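Chains as they are written, first to last, in this note's numbering: chain A, 57 to 274; chain B, 57 to 274.
I have placed the structure first, in the form of structure tokens, so that the comments after it can refer back to it.
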């Protein structure tokens with residue numbers, strides 16, 4: 057599937073600095089954890105979640121857009137979505153099925169359910185963290201399907217944090233803790249190759265020309 | 057200074073639920089850590105930092121407003137500033153002096169200085185976490201005065217988090233860790249009494265009438 061000779065050739069178009077950057081980022085990417093957002097209305101929240109995924113090395117984000125599909129597009133076109141993979145779903149049902157097939161447990165992040173506290177969360181399990189709507193929270197469907205309810209302990213008068221802040225706290229915590237375990241959390245070699253191609257394609261403007269010339273000269 | 061009989065009388069005007077809430081929140085409040093913001097322009101960032109302080113039990117927030125004094129007022133009038141104490145300073149110099157006199161080490165939170173990583177930070181020291189301007193970061197004065205540079209490890213292409221997200225991650229982490237130590241981090245009994253008065257004053261509309269009647273009937 058992947059043409060390693062072509063990849064090598066393409067990489068000669070990158071600066072040494074950029075190439076090294078790709079490798080550094082790739083070495084810290086994981087699919088052990090993933091994130092799902094369910095009909096998040098406030099557009100800056102969606103892009104903030106995507107940015108946090110990039111910052112903390114989460115490669116895949118799942119976006120359920122039962123009600124909001126049109127509005128989200130514009131926003132995510134602006135952010136760091138270039139470097140993470142967005143899986144988009146029309147229904148929660150499809151999203152959850154897909155995640156379960158891939159072996160993820162469903163983790164509902166809810167501010168009011170008194171279940172697992174963040175610092176007690178078992179990071180060894182493949183997990184998808186679900187974040188819900190700003191006011192209504194997660195849908196009944198997600199809550200019913202959840203294997204685990206995760207809570208950030210809060211001790212003040214204010215009893216909630218916004219989605220982008222919750223996501224950042226959770227992702228920072230679980231990825232830091234994951235890297236202290238001996239779990240095999242990194243991307244596979246094949247997944248890394250795919251991302252190298254993908255990122256080069258998004259970086260080099262004349263990608264198509266270079267690939268065409270490469271095959272014509274072969 | 058504090059009239060405990062008056063406090064007892066005032067508390068009869070609170071519902072049992074509210075009284076219990078005050079005690080729960082008070083029992084988790086700390087001055088072992090505090091936060092300082094330096095000329096933060098984006099108003100929603102200041103109030104998000106204040107909200108995070110409330111959520112994670114930080115009782116005091118220090119606000120330096122060398123350049124921005126007028127604009128911040130409006131915003132902080134809306135948030136959870138009712139429950140935390142705001143110390144306002146016209147100069148960084150005054151703020152740092154005051155904090156040092158109170159025994160705090162100055163912790164500069166900077167995304168680009170490669171020093172202490174968050175999960176390695178020593179929570180046993182009394183610390184003030186400084187957050188700077190959105191684009192310029194912290195001033196040279198804060199960086200020069202800092203005892204410690206704290207960094208949230210980031211492993212993606214995006215190399216920064218916004219102030220409100222950074223503050224929330226740091227405060228969540230250090231307060232959780234602090235509570236796992238045997239450090240004496242809680243408010244003193246006198247500090248708690250002061251907050252009980254203060255919070256009752258902010259809760260009961262007819263506070264002044266009640267106090268006047270109390271003293272007249274004595």
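Cβ atoms here follow ideal geometry from the backbone N, Cα and C, with glycine treated the same way.
Predicted model, so just to flag it, every value in this text is computed and none were measured.
Taking a Cβ-Cβ cut-off of 7 Å, the neighbours of residue 84/B in chain A comprise 211, given in sequence order. Each of 203/B, 165/B, 179/B and 208/B was checked against the Cα of residue 194/B, and the nearest Cα belongs to 165/B. Residue 141/A is bridged by DSSP to 116/A.
Runs of beta strand (DSSP E) with 3 or more residues, each lying fully within the stretch 199 to 248 of chain A, are found at 204 to 207, listed in chain order. For residue 225/B, the closest Cβ of chain A is nearer than 9 Å. For residue 94/A, the enclosing beta strand (DSSP E) stretches over residues 89 to 94. When 8 Å is used as the limit between beta carbons, residue 112/B is near these residues of chain A: 210, 211 and 212, in chain order. With fewer than 16 neighbouring CB atoms inside 10 Å of its own CB, residue 80/A falls in the exposed class. Boundaries of the alpha helix (DSSP H) harbouring residue 78/B: 72 to 83, taken from the DSSP string.
Taking a contact as a CB-CB distance under 8 Å, the pair residue 90/B and residue 114/B counts as one, their CB atoms being some 6 Å apart.
Taking a cut-off of 8 Å on C-beta distances, the stretch 57 to 68 of chain B touches the stretch 241 to 255 of chain B, as three or more cross pairs fall below it.
For the options 187/A, 203/A and 69/A, the alpha carbon positioned closest to that of residue 178/A is the one of 203/A. Residue environment for residue 192/B: exposed (fewer than 16 other C-beta atoms within 10 angstroms of its C-beta). With a cut-off of 8 Å on Cβ pairs, the stretch 145 to 163 of chain A is not in contact with the stretch 218 to 227 of chain B, counting fewer than three such pairs. Residue state for residue 177/A is assigned as coil, using DSSP reduced to three classes.
Contact annotation: residue 186/A and residue 104/A have beta-carbon atoms that are not nearer than 9 Å. Cβ-Cβ distances below 6 Å link residue 101/B to 219 and 220 in the same chain, with the five nearest sequence neighbours on each side left out; the list follows chain order. When the Cα atoms are used, residue 183/A and residue 207/B turn out to be separated by approximately 26 Å. Those residues of the stretch 154 to 178 of chain B placed with their C-beta closer than 7 Å to a C-beta in chain A are 175, ordered along the chain. Residue environment for residue 83/A: exposed (fewer than 16 other C-beta atoms within 10 angstroms of its C-beta). Residue environment: residue 173/B is assigned as exposed (fewer than 16 neighbouring CB atoms within 10 Å of its CB, all protein chains considered). By the CB criterion at 9 Å, residue 212/B and residue 112/A fall inside the cutoff. The beta carbon of residue 117/A does not come within 9 Å of any beta carbon belonging to chain B, so the residue lies off that interface. For residue 71/A, no Cβ of chain B is located within less than 9 Å of the residue's own Cβ. Residue state for residue 195/B is assigned as coil, using DSSP reduced to three classes. Interface residue (Cβ-Cβ distance to chain B less than 9 Å): residue 252/A is not classified as such. Taking all protein chains shown into account, residue 269/A has fewer than 16 neighbouring C-beta atoms within 10 Å of its C-beta and is therefore exposed.
In the structure shown, residue 108/A falls within a helical segment according to DSSP collapsed to helix, strand and coil. Here residue 184/B is bridged, per DSSP, to 90/B and 162/B. Shown here for residue 205/A: same chain residues with a beta carbon closer than 7 Å to its own, the five before and five after excluded, namely 164, 166, 169, 171 and 172 in chain order. Residues of chain B whose Cβ lies closer than 9 Å to the Cβ of residue 139/A are, in chain order, 212, 213 and 214. Burial state of residue 119/A is buried, judged by a 10 Å Cβ sphere holding 16 or more other Cβ atoms. DSSP places residue 68/A outside both helix and strand once states are collapsed to three, so it counts as coil.
Listed along chain B, the residues sitting closer than 7 Å to residue 107/A by beta-carbon distance are 214. Going by C-alpha positions, residue 271/A is about 15 Å away from residue 262/A.
DSSP places residue 268/B in the uninterrupted alpha helix (DSSP H) bounded by 263 to 272.
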